[in-house]
Amino acid sequence: HKGPYFAPLYEPLPDDVKFYYDGKPMKLNVATEEIATFYAKMLDHEYTTKEIFQNNFFHDWRKEMTSEERKKIKHLEKCDFKEMHKYFVDKNEARKALPKEEKQKLKEEADKIQEEYGYCILDGHREKIGNFKTEPPGLFRGRGDHPKMGMLKKRIMPEDVIINCSKDSKTPEPPSGHKWKEVRCDNTVTWLASWTENIQNSIKYIMLNPSSKLKVGVLFLVRPSVCHLIDPFYATVHVRVFKNLQLFMENKDPGDDLFDRLNTTVLNKHLQDLMDGLTAKVFRTYNASITLQEQLKALTNAEDNVAAKLLSYNRANRAVAILCNHQRATPKSFEKSMQNLQAKIDAKKEQLAEAQMELKRAKADLKAKKDVKSKAAVEKKKKLLEKIQEQLLKLNVQATDKEENKQIALGTSKLNYLDPRISVAWCKKFGVPIEKIYNKTQREKFAWAIDMADEDFEF
DNA sequence: TATTCTGACTCAGAAACATGTAC
DNA sequence: GGTACATGTTTCTGAGTCAGAAT
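Residue numbers (the UniProt record's numbering): 1 to 459.
What follows is the structure in structure tokens.
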């Protein structure tokens, strides 16, 4: 591989884009200016209204200032980033408004980079890399009430990067004038390059795409032996759990934490002792997959059309998502798009009524004239009516699906917990094209399952 | 021995980006 | 046939999991 693709260097602002302190324009040192742009870009994000974010940013920013700047810039409230912010907003819009050919050119450049840095050779095969770019510098966006939000995420330099590649391969060249932190040849790990980020001091990796053979469903493929044991395991565990619960509670007051002695490490250790490869995650996967299979069996109607079958599939998938607690916030545009859909349904209903009228008229016409032409007209109207009925049904199914899916995220279970062979088998059995349930990326990731599962596959 | 830390890897949702559809 | 908006897809990166090492 060629090592990571580094984030582009900072381009200083044009002279007419100014930063103001206490109402007066102030020219910043390049390094100081760069960090200011990180904040300026986020001005209309909720983050910049949060005190922790502001404080962390200001603290880290001041650390990078020259001593003169630091002497002058003492309060964030007196900093005016608005002109800088506007500059970036305008720049974004200008990019969107670019003529087609220009956009095409940019795309080709990106593809070239992808082609050059986005692949590696693993055991003689060309494999796609998942993330081949270093994370660009910016302000840390912790989730929830993260105490470090707003801190400066520093630029990653070649000197920070450890390269991992095989002994007999050509070592990637560092960018000119730089060198790698280290080059090693460790074939016991899967990463190609790594660096330590400065916020949490954790290691970031460059690794392969989920479709690569290093990533493909090891869990599912070693699973059968484990999962055969889970059913009887559940049956006996029931009794034992109840007894243990009683035991736990005997020595506790009502407010005490019931499971103070049970953390994942202890649990996994115990499960590992029972059987090699058994962890808490295996149970999650097992439960998800067996639920999907059961629900599909219960909900699918062989006589339904494809749209209705897909509704059944999504319902089964939803049952799994609920089980795994994959909730999401109702999308911001939900109400509006639901209204649009409803409007479409109403329009279709009108069309339907219209088509029914026309058919009636055509029939009357046929009765009166009894000629070939009006017979053909009746047939044509019948066809039209059927088509509209089917379209209406499809729209109704869509609306139901959308409503039921409002607060549920299907992606995670579909991508990470469900054995894809269950879905593949279902598609084959009920004549549903696989593209209806897996998009391109998903089909790549699950290529092994699409090849191997037939319609009789049972989990 | 118990607890915390570290490294490797997977999961998860938001944002960016691309594509489709209605006007 | 072009544009604006909606929807679908991909990228990005913070968070979580798990095993083994360090304290």
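Don't be surprised by glycine CBs; every beta carbon is placed ideally from N, CA and C.
Residue Lys445 holds the alpha-carbon nearest to the alpha-carbon of Ser211 among Lys445, Met452, Glu455. Thr190 and Tyr47 have their C-alpha atoms spaced approximately 35 Å apart. Beta-bridge pairing by DSSP links Pro25 to Tyr20. Following the DSSP letters along the chain, one finds Cys120 inside the beta strand (DSSP E) bounded by residues 119 to 122. Boundaries for Ile434: no beta strand (DSSP E) harbours it, and the DSSP string shows neither H nor E there. Taking C-alpha positions only, Ala110 is separated from Ile121 by approximately 21 Å. A Cβ-Cβ separation of about 20 Å leaves Lys86 out of contact with Asp22 under the 8 Å criterion.
Assignment of alpha helix (DSSP H) within the stretch 81 to 156, counting only whole runs of 4 or more residues, yields 82 to 96, 100 to 117 in chain order. Here Met42 has Thr48, Leu139 as same chain residues with Cβ atoms under 8 Å from its own Cβ, once five neighbours each way along the sequence are excluded. Counting along the chain, Ala193 sits inside the beta strand (DSSP E) bounded by residues 193 to 196.
Spatial neighbours of Leu352 in its own chain (CB-CB distance under 7 Å, excluding positions within 5 residues in sequence) are listed in chain order as Ile388, Gln389, Leu392. For Asn164, the enclosing beta strand (DSSP E) begins and ends at 162 to 164. The stretch 339 to 358 makes no contact with the stretch 308 to 323: fewer than 3 CB pairs, one atom from each, lie closer than 8 Å. Rounded to the nearest whole angstrom, the C-alpha separation of Ala302 and Tyr313 is 12 Å. Residue pairing for Gln327: DSSP places it in a beta bridge opposite Ile408. The C-alpha of Thr171 is placed about 40 Å away from the C-alpha of Leu28. In this structure, the beta-carbon distance from Tyr417 to Ala288 falls below 7 Å. Per DSSP, the unbroken beta strand (DSSP E) holding Lys204 starts and ends at 203 to 206. In the three-state DSSP reduction, Tyr47 falls in the helix class (H, G or I). Fully enclosed alpha helix (DSSP H) runs of no fewer than 4 residues occupy 372 to 405 of the stretch 364 to 415, in order along the chain. Rounded to whole angstroms, the gap between the alpha carbons of Gln407 and Lys428 is 29 Å. Closest option to Ile156, judged by alpha-carbon separation, among Pro12, Ile434, Lys360, Ser194: Ser194. Val30 has no beta-bridge partner at all, per DSSP. Less than 7 Å divides the Cβ of Lys394 from the Cβ of Ala307. Distance from the CA of Leu311 to the CA of Glu101, rounded to the nearest whole angstrom, comes to 41 Å.
Using a Cβ distance threshold of 7 Å, Asp145 and Asn164 do not count as a contacting pair. Counting only residues of its own chain and dropping the five nearest sequence neighbours on each side, Lys154 has a CB closer than 7 Å to the CB of Pro137, Asn198. Closest in C-alpha terms to Glu386, from the list Ile422, Glu108, Leu359, comes Leu359. Bounds of the beta strand (DSSP E) holding Glu182 are 182 to 184. Secondary-structure assignment with DSSP links Cys79 through a beta bridge to Tyr21. In the structure shown, the three-state DSSP call for Tyr417 is coil. In the DSSP assignment, Tyr5 is bridged to Lys133. Gly150 is the residue among Lys91, Gln293, Gly150 whose C-alpha sits nearest the C-alpha of His59. Across the structure, Ala319 and Glu11 are spaced so that their CA atoms are roughly 50 Å apart. Going by DSSP, Thr279 is part of no alpha helix (DSSP H) at all; its letter is neither H nor E. A distance below 7 Å between beta-carbons, with the five flanking residues on each side excluded, links Phe81 to the following residues of its chain, in chain order: Phe19, Ala36, Tyr39, Ala40, Leu43.
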